[in-house]
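Trainee: If you scroll down you'll find the structure; I have some questions about it.
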Amino acid sequence: MQKRTIMRILMITSEFPPTIGGVGSHVYELSRALAALGHQISIVTLPIDGEPEKRVVDGLTVERPSLVKWMPWHDYHLKAYLTKRLREEHVDVIHVHGLRGVWGASGHGVHVVFTNHTSGFLKRLQGPAWKRWRTLQRIRHVNAIIAPSHELCDAVRSVGYQGPVAFISNGVDADKFSPGTSKLKSVWRDDDDVPVILMARRLVEKNGVRYFVQALKHINDLKFKAVIAGDGPERQWMERYVHQHGLSDKVKFLGGVLNSDMPEIYRAADISVLPSLMEATSIAGLEAMATGLPLVGTHVGGIPTLIEDGINGFLVPPKQPEAMAEKLKVLIADSSLRQRMSQAARARVEKHFTWSVIAAETEKVYAKCLAEC
């Protein structure tokens with residue numbers, strides 16, 4: 046067996062726990078999994094009230110220097126901080142999670158890997174020529190890019206980035222999100238034969254949430270309970286639509302939900318939906334799969350990476366509520382199919398999407414950078 050090279054890795058992120066968010070959770074879980082492989086991990090992130098400038102959290106050194114949030118001053122402050130820090134301690138790889146920080150992390154004689162997790166980055170890459178050019182100027186000096194969807198890989202190459210680009214999915218904590226029972230199921234429905242359809246999404250336009258409630262109109266003659274976990278500017282329109290189309294008794298809006306409460310919510314559901322118009326590798330989709338839920342999701346971004354059509358769920362075209370409704374009908378009517386897809390969803394997560402798997406793939410990118418970049 047080839048001996049593992051232990052690396053000193055510095056993560057740069059504008060978000061990290063206790064600040065709640067998808068990017069911060071990703072960096073935290075990835076860092077823990079890399080540390081479990083023996084690597085030495087430090088995180089540089091923004092200061093927040095009540096948190097010391099430096100402390101160790103779960104074996105990870107978290108540094109919160111006096112950086113300002115706003116660009117371009119953030120990158121100037123970061124560059125100055127790293128210039129001093131890297132004189133004092135050797136680092137093998139700097140991994141930047143977001144465009145904010147790329148310039149500040151570059152130019153120190155250290156290999157830089159860049160991951161962007163947001164749909165905003167994809168919009169920049171697909172935007173007007175001047176915006177694509179400016180983005181390229183920001184990323185062209187990084188040694189490698191990790192993209193959480195094949196769509197993002199293609200977009201990064203399309204703007205002229207010449208370095209290596211690797212697709213690596215988001216991951217999921219398969220111990221925290223696992224199949225089980227939930228008392229919420231009996232709270233949400235009166236009849237055990239009524240399936241619960243869950244959509245766990247921020248209620249914003251790019252998540253396609255309107256199309257989900259529009260799909261429910263087409264299956265209103267069937268028995269089901271729909272639960273919507275999340276909040277956002279689309280909620281008012283959705284609640285009005287549900288009321289106007291006689292769905293109020295079947296649709297429950299939970300509002301914003303703490304991540305710590307989500308495992309029980311997933312366990313109370315039978316089906317999960319991802320109606321996104323734009324998506325990397327959906328964390329909500331991974332959490333649902335890990336809990337053993339069949340997915341009905343749109344054929345966009347990284348969602349086809351999660352769903353094997355007809356195996357652990359169904360893929361449908363975006364913005365087509367009728368198509369989503371047809372697949373929901375199939376799953377509502379066939380409990381044995383739901384069970385088979387449930388088992389396939391969990392198995393797919395265990396094989397491809399645990400944090401130990403994601404960390405091993407990320408480690409390969411770092412090692413290749415050190416060897417070739």
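Each residue of the sequence shown is one higher than the last, beginning at 46 in the numbering used here. The beta-carbon is built from N, C-alpha and C at its ideal position, and this holds for glycine as well.
1. Once you ignore the five residues that flank PHE61 on each side, which residues in its own chain have a CB closer than 7 angstroms to its CB?
2. For VAL345, count neighbouring C-beta atoms within 10 Å of its own C-beta (all shown protein chains included) and say buried if the count is 16 or more, exposed if not.
3. First and last residue of the beta strand (DSSP E) that includes ALA378?
4. Taking the alpha-carbon of PRO193 as reference, which of ILE93, ALA333, ALA416 and ASN161 has the nearest alpha-carbon?
5. Residue range of the beta strand (DSSP E) that PHE257 falls in?
6. Mind checking which residues open and close the alpha helix (DSSP H) that includes VAL72?
7. Please go through the same chain and pick out, in chain order, the residues whose beta-carbon is closer than 8 angstroms to the beta-carbon of THR128, but skip the five residues on each side of it.
8. Is GLN259 buried or exposed, if buried means 16 or more other CB atoms sit within 10 Å of its CB?
9. Is any heavy atom of the ligand FMN found at a distance shorter than 7 angstroms from the C-beta of SER111?
10. What distance in whole Å lies between the Cβ atoms of ARG109 and ILE93, which are believed to be in contact at a cut-off of 8 angstroms?
11. Would you report the Cα separation of GLY330 and PRO97, rounded to the nearest angstrom?
12. What does DSSP give as the partner residue(s) for LYS297 in the beta ladder?
13. Along the chain, where does the alpha helix (DSSP H) that runs through ILE57 open and close?
14. SER293 and VAL302: beta carbons closer than 8 angstroms?
15. Among residues of its own chain, excluding the 5 on either side of ALA313, which ones have a beta-carbon nearer than 7 angstroms to its beta-carbon?
16. Identify the continuous alpha helix (DSSP H) that holds VAL232 and give its terminal residues.
17. Rounded to whole angstroms, what's the CA-CA distance from ASP237 to LYS270? Just pull it up for me.
18. Taking buried to mean at least 16 other C-beta atoms within 10 Å of its own C-beta, is THR50 buried or exposed?
19. Count the other CB atoms within 10 Å of the CB of GLY143; is the residue buried (16 or more) or exposed (fewer)?
20. I'd like the list of long-range same chain contacts for ASN188, defined as Cβ closer than 7 angstroms, with 5 residues on each side in sequence excluded.
21. Taking the straight line between their C-alpha atoms, what separation do you get for GLY411 and LEU79?
22. For THR64, which three-state DSSP category applies?
23. So, helix, strand or coil for MET323, using DSSP?
24. Give a yes or no on whether the C-beta atoms belonging to ALA274 and VAL394 are separated by under 8 angstroms.
25. Measure the alpha-carbon distance for GLY216 versus ALA174 and round it to whole angstroms.
26. Give a yes or no on contact between the stretch 318-335 and the stretch 346-363, applying the rule of three or more CB pairs nearer than 8 angstroms.
27. With a CB to CB cut of under 8 angstroms and the five nearest residues on each side skipped, what residues in its chain are close to PRO362?
28. For LEU373 and HIS290, I'd like the C-alpha separation in whole angstroms.
29. Could you tell me if ASP315 is buried or exposed, where buried requires 16 or more neighbouring beta carbons within 10 angstroms of its beta carbon?
30. From GLY149 to LYS251, what does the alpha carbon distance come to, in whole angstroms?
31. Would you mind sorting VAL272 into buried or exposed? The rule is 16 or more other CB atoms within 10 Å of its CB.
32. If you drop the 5 nearest sequence neighbours on each side, which residues of the same chain put their C-beta closer than 6 angstroms to that of ARG169?
33. Quick one: what's got a C-beta closer than 6 angstroms to ILE328's C-beta in the same chain, skipping five residues either side?
34. Name the DSSP beta bridge partners of THR128, please?
35. Run through DSSP, which three-state label would GLY355 get?
36. Counting only the same chain and skipping the five closest in sequence on each side, list residues whose C-beta sits under 7 angstroms from that of MET52.
Mentor: In this structure, then:
1. Only GLY69, VAL72, TYR73, ILE88, THR90 and VAL107 meet the Cβ criterion.
2. Buried, because 16 or more other Cβ atoms sit within 10 Å of the Cβ of VAL345.
3. From DSSP, ALA378 is part of no beta strand (DSSP E) but of the alpha helix (DSSP H) over 366-378.
4. When only C-alpha atoms are compared, the closest one is ASN161.
5. Secondary structure note for PHE257: it is in no beta strand (DSSP E), and the uninterrupted alpha helix (DSSP H) holding it is 254-262.
6. Bounds of the alpha helix (DSSP H) holding VAL72 are 67-81.
7. Correct list, in chain order: HIS153.
8. Buried is the call here.
9. The ligand FMN is not part of this structure, which contains no ligands at all.
10. Indeed they touch by this definition, with Cβ atoms about 7 angstroms apart.
11. So the alpha carbons of these two residues sit roughly 34 angstroms apart.
12. Under DSSP, LYS297 takes part in a beta bridge, and its partners are VAL272.
13. Counting along the chain, ILE57 falls outside any alpha helix (DSSP H), though it belongs to the beta strand (DSSP E) covering 53-58.
14. For SER293 and VAL302, no; Cβs fall outside 8 angstroms.
15. Excluding residues within five positions, the ones whose Cβ falls inside 7 angstroms are SER227, LEU229, LYS230, TRP233 and VAL241.
16. From DSSP, the alpha helix (DSSP H) with VAL232 extends over 229-233.
17. Distance between the alpha carbons of ASP237 and LYS270: 11 angstroms.
18. It counts as exposed.
19. Here GLY143 is buried, its C-beta having at least 16 other C-beta atoms within 10 Å.
20. Scanning its chain for C-beta atoms nearer than 7 angstroms, with the 5 sequence neighbours on each side dropped, one finds around ASN188 the residues HIS156, VAL157, VAL158, GLY208, CYS414 and CYS418, in chain order.
21. According to the sequence displayed, residue 411 carries Tyr and not Gly. When rounded, the distance between both Cα atoms is 11 angstroms.
22. If DSSP states are grouped into helix, strand and coil, THR64 belongs with coil.
23. Looking at MET323 - three-state DSSP - the assignment turns out to be coil, as it is neither helix nor strand.
24. Pairing ALA274 with VAL394 gives a Cβ-Cβ distance that is not under 8 angstroms.
25. C-alpha separation (whole angstroms): 33 angstroms.
26. Enough Cβ pairs lie closer than 8 angstroms, so yes.
27. Only THR343, HIS344 and ALA368 meet the Cβ criterion.
28. The C-alpha of HIS290 is placed about 18 angstroms away from the C-alpha of LEU373.
29. Buried: at least 16 other Cβ atoms inside 10 Å.
30. Taking the straight line joining both Cα atoms gives about 30 angstroms.
31. VAL272 is classed as buried because its beta carbon has at least 16 other beta carbons within 10 Å across all chains shown.
32. Close CB contacts of ARG169 within its chain, under the 6 angstroms cut and outside five residues either way in sequence, are with LYS176 and THR180 (chain order).
33. Closer than 6 angstroms at the Cβ level, and outside the excluded window around ILE328, lie GLY67 and ASN215.
34. Under DSSP, no beta-bridge partner is assigned to THR128.
35. Annotated three-state conformation of GLY355 is coil, per DSSP.
36. Excluding its 5 nearest sequence neighbours in each direction, MET52 has C-beta neighbours in its own chain below 7 angstroms: HIS84, ASP137, VAL138 and TYR411, listed in chain order.
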